[in-house]
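S.K.: Supplied in C-alpha coordinates, the structure appears directly below.
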Amino acid sequence: MRLSKNFTQREFKSKDGATMPEDVLNNVQELACNLQTLRDFLGEPVKVTSGWRSPSHNKAIGGVKNSQHVLGKASDLQVKGVEPEDLYLIIESLITTKQMKEGGLGLYNTFVHYDIRGTRARWDKRDKENFY
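Residue numbers (this note's numbering): 130 to 261.
This is how it looks when you write it as C-alpha coordinates:
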(Lines of atoms letter the chains of each structure in order from A; the text may use other names.)
(Lines give C-alpha, C1' and ligand atoms only; values in the text may rest on other atoms or scores of the structure.)
Protein backbone atom coordinates (compact mmCIF):
# COMPACT_ATOMS: atom_id res chain seq x y z
CA MET A 130 0.00 0.00 0.00
CA ARG A 131 1.36 3.39 -1.05
CA LEU A 132 1.45 5.95 1.79
CA SER A 133 2.96 8.84 -0.17
CA LYS A 134 4.66 9.41 -3.51
CA ASN A 135 7.79 7.50 -2.45
CA PHE A 136 6.88 5.51 0.68
CA THR A 137 4.94 2.27 1.06
CA GLN A 138 3.50 0.56 4.11
CA ARG A 139 5.99 -2.30 3.67
CA GLU A 140 8.88 0.02 4.60
CA PHE A 141 7.34 0.62 8.04
CA LYS A 142 6.31 -2.98 8.92
CA SER A 143 7.50 -4.55 12.16
CA LYS A 144 10.47 -6.84 11.61
CA ASP A 145 8.66 -9.69 13.41
CA GLY A 146 5.90 -9.83 10.77
CA ALA A 147 3.10 -8.71 13.12
CA THR A 148 -0.04 -7.24 11.56
CA MET A 149 -0.19 -3.45 11.80
CA PRO A 150 -3.30 -2.22 13.66
CA GLU A 151 -5.51 0.37 11.91
CA ASP A 152 -4.77 3.16 14.43
CA VAL A 153 -1.04 2.55 13.94
CA LEU A 154 -1.48 2.68 10.15
CA ASN A 155 -3.04 6.14 10.49
CA ASN A 156 0.05 7.33 12.39
CA VAL A 157 2.38 5.70 9.86
CA GLN A 158 0.51 7.53 7.07
CA GLU A 159 1.16 10.88 8.78
CA LEU A 160 4.80 9.94 9.40
CA ALA A 161 5.27 8.99 5.73
CA CYS A 162 3.87 12.34 4.62
CA ASN A 163 6.45 14.13 6.77
CA LEU A 164 9.22 11.91 5.44
CA GLN A 165 8.05 12.68 1.91
CA THR A 166 8.82 16.34 2.62
CA LEU A 167 12.36 15.30 3.59
CA ARG A 168 12.71 13.10 0.52
CA ASP A 169 11.51 15.91 -1.77
CA PHE A 170 13.92 18.36 -0.14
CA LEU A 171 16.90 16.02 -0.52
CA GLY A 172 15.99 14.67 -3.94
CA GLU A 173 17.37 11.33 -2.71
CA PRO A 174 15.78 8.13 -1.36
CA VAL A 175 15.30 7.99 2.41
CA LYS A 176 15.78 4.50 3.86
CA VAL A 177 13.61 3.55 6.83
CA THR A 178 15.72 1.10 8.83
CA SER A 179 13.11 0.79 11.58
CA GLY A 180 9.51 1.96 11.44
CA TRP A 181 6.59 0.50 13.38
CA ARG A 182 7.54 -2.07 15.99
CA SER A 183 5.01 -4.45 17.50
CA PRO A 184 5.18 -4.31 21.32
CA SER A 185 6.75 -7.80 21.42
CA HIS A 186 9.41 -6.90 18.82
CA ASN A 187 10.15 -3.61 20.59
CA LYS A 188 10.67 -5.51 23.86
CA ALA A 189 12.81 -8.17 22.15
CA ILE A 190 15.26 -5.59 20.79
CA GLY A 191 15.44 -3.65 24.06
CA GLY A 192 13.38 -0.65 22.91
CA VAL A 193 12.09 1.73 25.55
CA LYS A 194 8.64 0.91 26.91
CA ASN A 195 7.00 4.14 25.68
CA SER A 196 8.69 4.06 22.26
CA GLN A 197 7.08 6.14 19.52
CA HIS A 198 7.89 3.21 17.21
CA VAL A 199 5.17 1.13 18.93
CA LEU A 200 2.64 3.85 18.08
CA GLY A 201 3.74 4.00 14.44
CA LYS A 202 4.97 7.56 14.93
CA ALA A 203 8.72 6.95 14.62
CA SER A 204 11.32 5.99 12.06
CA ASP A 205 15.06 5.44 12.05
CA LEU A 206 16.53 6.84 8.85
CA GLN A 207 19.56 6.74 6.59
CA VAL A 208 20.28 8.52 3.32
CA LYS A 209 23.10 7.25 1.13
CA GLY A 210 25.89 9.81 0.95
CA VAL A 211 24.49 11.91 3.82
CA GLU A 212 26.13 11.65 7.24
CA PRO A 213 23.73 11.24 10.17
CA GLU A 214 24.79 14.58 11.68
CA ASP A 215 23.98 16.36 8.41
CA LEU A 216 20.65 14.53 8.09
CA TYR A 217 19.81 15.54 11.67
CA LEU A 218 20.51 19.21 10.89
CA ILE A 219 18.44 19.08 7.70
CA ILE A 220 15.45 17.61 9.54
CA GLU A 221 15.88 20.17 12.33
CA SER A 222 15.78 22.94 9.73
CA LEU A 223 12.64 21.51 8.11
CA ILE A 224 10.97 21.33 11.54
CA THR A 225 12.03 24.90 12.38
CA THR A 226 10.51 26.18 9.14
CA LYS A 227 7.35 24.13 9.86
CA GLN A 228 7.76 21.97 6.76
CA MET A 229 7.94 18.85 8.96
CA LYS A 230 6.04 18.19 12.18
CA GLU A 231 7.67 18.91 15.52
CA GLY A 232 8.66 15.78 17.38
CA GLY A 233 11.58 13.68 18.51
CA LEU A 234 14.91 13.92 16.77
CA GLY A 235 17.77 11.68 17.82
CA LEU A 236 21.30 11.40 16.48
CA TYR A 237 23.06 8.02 16.44
CA ASN A 238 26.34 6.83 14.89
CA THR A 239 24.73 5.36 11.76
CA PHE A 240 21.19 6.76 11.61
CA VAL A 241 18.78 9.48 12.69
CA HIS A 242 15.57 8.89 14.63
CA TYR A 243 12.60 11.11 13.72
CA ASP A 244 9.15 10.94 15.23
CA ILE A 245 5.92 12.92 15.05
CA ARG A 246 5.01 13.00 18.75
CA GLY A 247 4.03 16.68 18.42
CA THR A 248 6.33 17.98 21.15
CA ARG A 249 10.03 18.77 20.97
CA ALA A 250 12.52 16.12 22.12
CA ARG A 251 16.21 16.02 21.13
CA TRP A 252 19.05 13.64 21.98
CA ASP A 253 22.52 12.58 20.86
CA LYS A 254 23.33 8.89 21.41
CA ARG A 255 26.51 8.74 19.34
CA ASP A 256 29.43 6.79 20.70
CA LYS A 257 31.68 9.75 21.42
CA GLU A 258 34.82 7.57 21.44
CA ASN A 259 34.47 7.15 17.67
CA PHE A 260 34.61 10.90 17.06
CA TYR A 261 37.71 13.09 17.19
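C-beta: ideal position from N, C-alpha, C; glycine also. Values in this document were obtained by computation on a predicted structure and should not be read as measured data.
Identify, in the order they occur along the chain, each residue of the same chain with its Cβ nearer than 7 angstroms to the Cβ of Arg182, setting aside the five sequence neighbours on each side.
M.R.: Hits under 7 angstroms: Ser143, Gly192, Ser196, His198, Val199.
S.K.: Can you confirm whether the segment 200-212 touches the segment 221-228 when touching is taken to mean that 3 or more C-beta pairs between the two stretches lie within less than 8 angstroms?
M.R.: No, the segment 221-228 does not touch the segment 200-212.
S.K.: Please classify Ser185 as buried or exposed, where buried requires at least 16 neighbouring CB atoms within 10 angstroms.
M.R.: Under this definition Ser185 is an exposed residue.
S.K.: Excluding the 5 residues flanking Ile220 on each side, which residues of the same chain have their C-beta closer than 7 angstroms to its C-beta?
M.R.: Cβ within range, chain order: Leu167, Met229, Leu234, Val241, Tyr243.
S.K.: Given a threshold of 16 other Cβ atoms within 10 Å of its Cβ, counted over all protein chains shown, does Ser179 qualify as buried or as exposed?
M.R.: Flag for Ser179 reads buried.
S.K.: Any idea which residues DSSP pairs Trp270 with across the strands?
M.R.: The requested residue 270 does not occur in the structure, where the chain is confined to residues 130 to 261.
S.K.: To the nearest angstrom, how far is the alpha carbon of Asp253 from that of Thr148?
M.R.: Rounded to the nearest angstrom, the two C-alpha atoms are 31 angstroms apart.
S.K.: Does DSSP put Ala203 in a helix, in a strand, or in coil?
M.R.: The answer is strand: DSSP assigns Ala203 an E or B state.
S.K.: Determine, using beta carbons only, whether Lys202 and Gln165 come nearer to each other than 8 angstroms.
M.R.: No.
S.K.: Give the secondary structure of Thr178 by DSSP, where H, G and I count as helix, E and B as strand, and everything else as coil.
M.R.: Looking at Thr178 - three-state DSSP - the assignment turns out to be strand.
S.K.: Within this structure, are the beta carbons of Arg255 and Tyr237 separated by less than 8 angstroms?
M.R.: Cβ atoms of Arg255 and Tyr237: closer than 8 angstroms.
S.K.: First and last residue of the alpha helix (DSSP H) that includes Ile152?
M.R.: Residue identity check: residue 152 is Asp in the sequence provided, not Ile. Element bounds for Asp152: 151-171.
S.K.: Out of Leu154, Asp152, Asn163, Lys176, state which residue places its alpha-carbon closest to the alpha-carbon of Glu231.
M.R.: Per the Cα distances, Asn163.
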